[in-house]
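Peer 1: Below is one structure. I have some questions about it.
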Amino acid sequence: MLRNIKSSASFKLFLICVFFIVAAGVAGNVGQGVASSDENADLKTMYGPRYGDGKNLILPEGYANWVFVGASIGLAYSEETRGDGPGVFHRVYTQPEAFAAYQRTGKFPEKTMFVMELYRPEQKVSPNKQGYFEGQRVAIEVSVKDREKFPEGWAYFNFGNGRRTEARPIPKASCYDCHLEHGADDNVFVQFYPALREVKKNLSTPTAETGKEKKQ
Ligand code: HEC
């Protein structure tokens, strides 16, 4: 009799263990579901564009902590000849949530922003004998994907060297048109940013909006 009780007690223990193992599995799956809706929640809490007067953009705060997608030096969009030297350094940032969404889906979500800082090259400050480093900042340019505010999708702003904290949208012909025509994906020069240009190739199901990246 005692043995039976004991064995039924250990059977109960066994059942309890099974219950917990199954429950842990279910909780794990539920957890995964929560994670994916968290990803969308991320976009809801993403630092988005803030506007001043009319369609004026306020310089985004804290962008230096965003994802650094790439840098270039001396890329020039105008025919103006420049003096000697490598040209200006460009560095480009986007919000971490927009970056994560692009990695997940291959699309830039609404309210994506890119900040591009431009730095004048400097050289030969001791101990350097060769090469260039970033000297004075000469400009901060920002692009914003916000269809509610700008029906064509993207708008472009120039904050001077950063002392200006509010900027007017720049006419389409000055910025948008070149981005639309030459940017590899959705007005963005993905082809020049190592952190972004591999994304489409790595996504198993192509989700290209325009198919423009075929040009690359
Ligand atoms: C003739 C083509 C051309 C014009 C006009 C142009 N851009 Fe760009 N833009 C580029 C290229 C090329 C890049 C790639 C990155 C770089 O320059 O380092 C770029 C990158 C950018 C980026 C980084 C995000 C992205 O879309 O790749 C911003 C922000 C930006 N430009 C703002 C502006 C603003 C503001 C204007 C108008 C004052 C402007 N651009 C006009 C060619 C152009």
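Just so we're aligned, residue 6 is where the sequence shown starts under our numbering, counting upward by one. Glycine is no exception: its CB is placed at the ideal position from the N, C-alpha and C atoms. Remember, predicted model here, so these are calculated numbers, not experimental data.
#1: Specify, as a first and last residue, the run of the beta strand (DSSP E) that Y56 falls within.
#2: Does the structure place the segment 129-143 close enough to the segment 153-163 that three or more beta carbon pairs sit under 8 Å?
#3: Which residue comes first and which comes last in the beta strand (DSSP E) that contains F104?
#4: In terms of residue numbering, what span does the beta strand (DSSP E) encompassing R142 cover?
#5: Please state whether the Cβ-Cβ distance between Q135 and Y124 is less than 8 Å.
#6: Take Y198 as the anchor and find which of Y56, Y98, D58 and G92 has the nearest alpha-carbon.
#7: Quick one: what's got a C-beta closer than 7 Å to P114's C-beta in the same chain, skipping five residues either side?
#8: Cβ of N45 versus every heavy atom of ligand 1: is any distance shorter than 7 Å?
#9: Work out the CA separation of M121 and F164 for me, nearest whole Å.
#10: By Cβ distance, which residues of its chain are closer than 7 Å to L185, with the 5 residues on each side in sequence left out?
#11: Which whole-angstrom value describes the C-beta separation of T236 and L64, a residue pair presumed to lie in contact below a C-beta threshold of 8 Å?
#12: Could you spell out where the beta strand (DSSP E) holding V72 opens and where it closes?
#13: Here's the rule I'm using: 16 or more other beta-carbon atoms within 10 Å means buried, otherwise exposed. How should F119 be labelled?
#14: With respect to 7 Å, is the separation between the Cβ of H197 and the closest non-hydrogen atom of ligand 1 below this value?
#15: Should L62 be labelled buried (16 or more other beta-carbon atoms within 10 Å of its own) or exposed?
#16: Just to confirm the assignment, what range does the alpha helix (DSSP H) spanning A200 have?
#17: When DSSP builds the beta bridges, which residues end up paired with A160?
Peer 2: Short version:
#1: Segment: none, Y56 is in no beta strand (DSSP E) and carries neither H nor E.
#2: no
#3: It is not in any beta strand (DSSP E) - F104 instead sits in the alpha helix (DSSP H) that spans P101 to T110.
#4: F138 to K150
#5: no
#6: Y98
#7: L48, A103 and A106
#8: no
#9: 10 Å
#10: N192
#11: No statement about residue 236 is possible, as the shown extent of the chain runs from 6 to 221 and does not include it.
#12: V72 to I78
#13: buried
#14: Note that residue 197 is Phe in the sequence shown, not His. Under cutoff, so the answer is yes.
#15: buried
#16: P199 to R202
#17: V149
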